[in-house]
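Some notes on the structure that comes next.
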Amino acid sequence: MNPSFKKKIFSFLLIFFILIITGFFVLYSINFFTPPRQEKSTWENIPSNPLEKIPDINPIQKSNPFEGVKTNPFE
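Given below as structure tokens:
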């Protein structure tokens, strides 16, 4: 192989790798700089509340704590 052919192969490979690296950078930057799509909340896909899944630790039946309190003094 003559030296000019080696230079041509080297320059071709260098340009090829630069194009590949540039392509990966462009694809990465497109995915990195675009915000993710947010779905609209519907009744089917509303995120569940983890506090609703906690079992009730108070075995006493719940009642109204203000049942005996009178708020109207004229009654």
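Going by the numbering used here, the letters in the sequence shown line up with residues 994 to 1068, in that order. Positions of the beta carbon are idealized from the N, C-alpha and C atoms, including for glycine.
Tell me whether residue i sits in a helix, a strand or coil according to DSSP, three-state version.
i: N1065; result: coil
i: P1028; result: coil
i: I1002; result: helix
i: F1059; result: coil
i: I1050; result: coil
i: S1041; result: coil
By Cβ distance below 8 Å, which residues in the same chain neighbour residue i in space, the five residues on each side in sequence not counted?
i: V1019; result: none
Kindly list the residues whose CB is nearer than 6 Å to the CB of residue i, restricted to its own chain and excluding five residues on each side of it in sequence; keep chain order.
i: G1061; result: none
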